[in-house]
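K.L.:
Below is the structure I would like to discuss, written out as structure tokens.
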Amino acid sequence: VLPLSYFTDLDNRIRPIVHRRIKSGKKGDDYLQILVDARLDDEIELNELDEKENHHAALTKTSLKIDQDKMIKDIESSRSTRGNLDSPSPSKPYDDDDHGAKSKQVSNFKLTEHEVISSAIFLLSVGVETTATLLTNCTYALAFHPDIQHRLYEVIKSIAEFNSETGEYSFDYDKLTSCEYLDAVVSETLRNLAPVILADRVVSRDCYLEACNVQLRKGDELHLSYYSIMNNPEYWPDPLKFDPERFMGDNKKKIVPGSYCPFGLGPRHCLGMRFSLTEAKLAVAKVLMRFKFTPVPGTSFPPECGRIHGLSNLKIPQVEIVARA
Numbered sequence: 002v003l004p005l006s007y008f009t010d011l012d013n014r015i016r017p018i019v020h021r022r023i024k025s026g027k028k029g030d031d032y033l034q035i036l037v038d039a040r041l042d043d044e045i046e047l048n049e050l051d052e053k054e055n056h057h058a059a060l061t062k063t064s065l066k067i068d069q070d071k072m073i074k075d076i077e078s079s080r081s082t083r084g085n086l087d088s089p090s091p092s093k094p095y096d097d098d099d100h101g102a103k104s105k106q107v108s109n110f111k112l113t114e115h116e117v118i119s120s121a122i123f124l125l126s127v128g129v130e131t132t133a134t135l136l137t138n139c140t141y142a143l144a145f146h147p148d149i150q151h152r153l154y155e156v157i158k159s160i161a162e163f164n165s166e167t168g169e170y171s172f173d174y175d176k177l178t179s180c181e182y183l184d185a186v187v188s189e190t191l192r193n194l195a196p197v198i199l200a201d202r203v204v205s206r207d208c209y210l211e212a213c214n215v216q217l218r219k220g221d222e223l224h225l226s227y228y229s230i231m232n233n234p235e236y237w238p239d240p241l242k243f244d245p246e247r248f249m250g251d252n253k254k255k256i257v258p259g260s261y262c263p264f265g266l267g268p269r270h271c272l273g274m275r276f277s278l279t280e281a282k283l284a285v286a287k288v289l290m291r292f293k294f295t296p297v298p299g300t301s302f303p304p305e306c307g308r309i310h311g312l313s314n315l316k317i318p319q320v321e322i323v324a325r326a
């Protein structure tokens with residue numbers, strides 16, 4: 002559990018940035034700007050890059066719209082009950098040239114300042130421990146699979162840009178995030194050695210799950226075992242095998258919707274998904290350009306894991322690191 006001072010410090014750093022953006026009208030090319038500009042019913046579009054980064058097998062434009070509508074109703078209902086923490090911005094029409102419409106009336110509600118700052122803090126908070134665990138698990142898996150490690154190195158080398166003056170490698174954002182094999186390795190790590198192994202949810206209404214013959218009542222607590230789903234041989238043949246090919250080409254299209262859920266599913270899936278993936282991919286790429294990983298004595302694959310507060314941790318998170326010539 003993080004101390005209150007941690008969040009207070011982040012609030013003190015983020016709030017002035019939000020105020021400056023709104024006052025000056027200057028926009029930044031970052032996640033915070035998306036939050037500042039966001040309206041509850043802004044249309045969500047999946048571009049080509051989004052499709053390549055799609056880590057939810059069931060995520061489509063239709064499912065996004067359904068989830069979005071549900072969230073709008075929940076938020077507006079919550080606001081009408083407790084009142085706004087900040088004054089909402091007035092509704093304004095905007096041109097929708099891409100679809101041939103003259104104008105479209107948007108929601109009366111923009112995200113409040115409180116919601117913008119809370120979302121930014123949440124993103125930074127949840128993207129630390131889980132991403133660190135993902136990187137640990139990925140390097141561990143690569144150490145035991147030298148063929149996969151070598152192939153990944155060659156792929157990363159093909160998109161790396163070397164600066165002779167600084168001696169450092171850099172990567173173009175689009176090339177890095179859309180690199181298919183890097184994405185496959187990270188995806189398989191998230192499936193095979195998922196940092197988050199379970200999550201809990203509270204049932205919002207009575208419902209009957211016919212497939213399971215289970216009656217759920219409003220207020221019931223559900224514990225969702227992501228690890229069990231993503232290591233179920235019914236959906237993943239030879240589930241303990243570390244095999245990035247599961248996420249390559251046509252194989253990715255064969256994934257059963259809902260069987261791959263390292264970031265959860267539906268309108269409450271992990272807000273920091275893209276941020277975490279970008280962090281992890283950049284870290285793996287930079288380190289792999291400099292070093293090789295090999296197993297150390299006393300370790301094995303599949304590894305022994307422990308569990309702390311719903312997170313999976315390797316009992317011996319050690320690999321040997323060798324500098325590349």
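Numbering (my numbering), first residue to last: 2 to 326.
The C-beta atom is built at its ideal place from N, Cα and C for all residues, glycine as well.
Where does residue 10 fall in DSSP's three states?
P.N.:
Here residue 10 sits in helix by DSSP.
K.L.:
Near residue 318, what residues of its chain come up, given a Cβ to Cβ distance below 7 Å and the 5 sequence neighbours on each side ignored?
P.N.:
Excluding residues within five positions, the ones whose Cβ falls inside 7 Å are 137 and 141.
K.L.:
Between the Cα of residue 233 and the Cα atoms of 20, 192 and 200, which residue gives the shortest distance?
P.N.:
Closest option to residue 233, Cα to Cα, is 192.
K.L.:
Which of helix, strand or coil does DSSP assign to residue 208?
P.N.:
Residue 208: strand per DSSP, three-state reduction.
K.L.:
Any chance you could list the beta strand (DSSP E) runs of at least 3 consecutive residues sitting entirely within the stretch 228-313, in chain order?
P.N.:
292-295 and 306-309, all fully within the stretch 228-313.
K.L.:
Per DSSP, what kind of secondary structure is residue 145 in: helix, strand or coil?
P.N.:
Correct three-state label for residue 145: coil.
K.L.:
Within 7 Å (strictly less), CB to CB, does residue 258 reach chain B?
P.N.:
Of the protein chains in this structure there is only one, and it is not chain B.
K.L.:
When the distance is taken between beta carbons, is residue 260 closer than 7 Å to residue 227?
P.N.:
It is not a contact, given that the beta carbons lie outside the stated cut-off.
K.L.:
Take every Cβ of the stretch 152-161, pair it with every Cβ of the stretch 177-194, and state whether three or more of those distances are shorter than 8 Å.
P.N.:
The stretch 152-161 is in contact with the stretch 177-194.
K.L.:
Assign residue 171 to one of three DSSP states: helix, strand, or coil.
P.N.:
If DSSP states are grouped into helix, strand and coil, residue 171 belongs with the strands.
K.L.:
Please list, in chain order, all residues of the same chain as residue 207 whose beta carbon is under 6 Å from its beta carbon, the five residues on each side excluded.
P.N.:
Closer than 6 Å at Cβ, skipping near neighbours: 218 and 219.
K.L.:
Where does residue 202 fall in DSSP's three states?
P.N.:
If DSSP states are grouped into helix, strand and coil, residue 202 belongs with the strands.
K.L.:
Roughly how many angstroms separate the alpha carbons of residue 204 and residue 216, rounded to a whole number?
P.N.:
Cα to Cα, residue 204 sits roughly 11 Å from residue 216.
K.L.:
Relative to the alpha-carbon of residue 195, which residue among 139, 292, 175 and 147 has its alpha-carbon at the smallest distance?
P.N.:
Residue 195 has its Cα closest to that of 139, out of 139, 292, 175 and 147.
K.L.:
List the endpoints of the continuous beta strand (DSSP E) containing residue 164.
P.N.:
Its beta strand (DSSP E) spans residues 161-164.
K.L.:
Just the C-alpha distance for residue 269 and residue 25, rounded to the nearest angstrom, thanks.
P.N.:
If I take the Cα positions, the gap works out to 33 Å.
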